[in-house]
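Heads up: take any position in the sequence shown, counting from 1, add 32, and you land on this note's numbering.
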Amino acid sequence: MKLLSRSGSSAAYRCRIALNLKGIDAEVENLRDGAFQEEPYLSLHPQGRIPALLTDAGALVQSAAILEYLDDLVPDPPLLPADPHARARARGVAQIVVSDIHPLQNVGALDVLTEMFGVDESGRRDWARHWIERGLAACEALLARETHGGPYAFGDAPGLADLCLVPQMRNAARFGVDVTPLLRVNAVTEACLVHPAFVAAHPDRHPDPD
Ligand SMILES: N[C@@H](CCC(=O)N[C@@H](CS)C(=O)NCC(=O)O)C(=O)O
């Protein structure tokens with residue numbers, strides 16, 4: 033198995049954490065700048081986005097689908113809690129990051145703001161900060177409702193919500209978001225950042241980084 037990745041990609045970072053949590057020994061390749069918008073990568077991922085997971089049965093795209101595949105492939109440790117309601121709550125937090133925050137602060141989307149509407153660097157950052165702040169505030173409110181008492185988002189082991197939040201918090205820092213009100217999100221992030229699966233997946237440890 034091989035993950036086509038980039039050190040700066042938060043979607044790929046999610047997948048690297050999951051691979052480590054599952055103990056899957058996958059090769060991680062850093063695509064050079066621009067390679068994801070050219071062949072041969074486009075034949076694997078016609079959307080030209082990072083990451084893609086190469087498996088014996090062919091390429092998989094979209095980090096959420098890749099995460100689900102990894103959880104199906106290696107069920108233990110699970111990425112979601114056992115209880116159906118808690119599973120849906122964990123997915124809800126993950127989806128705020130994957131579906132609502134990340135697409136709006138992604139470089140491709142920010143480039144469209146500049147190309148179509150002439151938005152400058154400061155406007156791009158304001159836009160990204162706006163969506164990150166709103167989304168993470170919602171995650172904070174949702175996590176504050178959880179009463180399990182464990183260090184991670186949904187208990188004593190890290191899972192889907194954690195591996196989505198940690199890369200997003202890195203993006204928050206990159207765009208200068210004030211994360212100090214996010215008490216629970218910060219506590220979860222701190223717990224994750226010292227977990228071996230997260231340490232090994234960190235962009236600073238990426239093979240052949242940008
Ligand atoms: N929803 C996709 C998002 C993938 C994505 O947008 N990746 C970014 C890097 S984090 C990318 O390829 N950006 C290039 C672009 O937007 O053109 C996923 O979760 O896999």
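The beta carbon of each residue, even a glycine, is placed where N, CA and C say it ideally should be.
With 16 as the cutoff for other CB atoms within 10 Å, does residue i come out buried or exposed?
{"i": "D236", "result": "exposed"}
{"i": "S154", "result": "exposed"}
{"i": "F230", "result": "buried"}
{"i": "V226", "result": "exposed"}
{"i": "D194", "result": "buried"}
{"i": "T179", "result": "exposed"}
{"i": "D103", "result": "buried"}
{"i": "G90", "result": "exposed"}
{"i": "R177", "result": "exposed"}
If you draw a straight line from the C-alpha of residue i to the C-alpha of residue j, how long is it?
{"i": "P241", "j": "Q137", "result": "21 angstroms"}
{"i": "G187", "j": "G181", "result": "7 angstroms"}
{"i": "P83", "j": "S41", "result": "8 angstroms"}
{"i": "G150", "j": "A160", "result": "15 angstroms"}
{"i": "D65", "j": "I98", "result": "22 angstroms"}
{"i": "L145", "j": "R81", "result": "18 angstroms"}
{"i": "N203", "j": "M33", "result": "27 angstroms"}
{"i": "D108", "j": "I164", "result": "31 angstroms"}
{"i": "E189", "j": "M201", "result": "The amino acid at residue 189 is misidentified as Glu; the sequence shows Ala. Using only the alpha carbons, I get a separation of about 19 angstroms."}
{"i": "G55", "j": "P228", "result": "11 angstroms"}
{"i": "L142", "j": "R206", "result": "14 angstroms"}
{"i": "V211", "j": "Q94", "result": "27 angstroms"}
Assuming residue i and residue j form a contact by the criterion Cβ under 8 angstroms, report the distance between their Cβ atoms to the nearest whole angstrom.
{"i": "L35", "j": "R48", "result": "7 angstroms"}
{"i": "G191", "j": "L112", "result": "6 angstroms"}
{"i": "P239", "j": "N62", "result": "6 angstroms"}
{"i": "G208", "j": "R157", "result": "7 angstroms"}
From the DSSP output, which residues share a beta bridge with residue i?
{"i": "V60", "result": "L35"}
{"i": "V130", "result": "DSSP lists no partner for V130."}
{"i": "T87", "result": "G90"}
{"i": "G187", "result": "Y184"}
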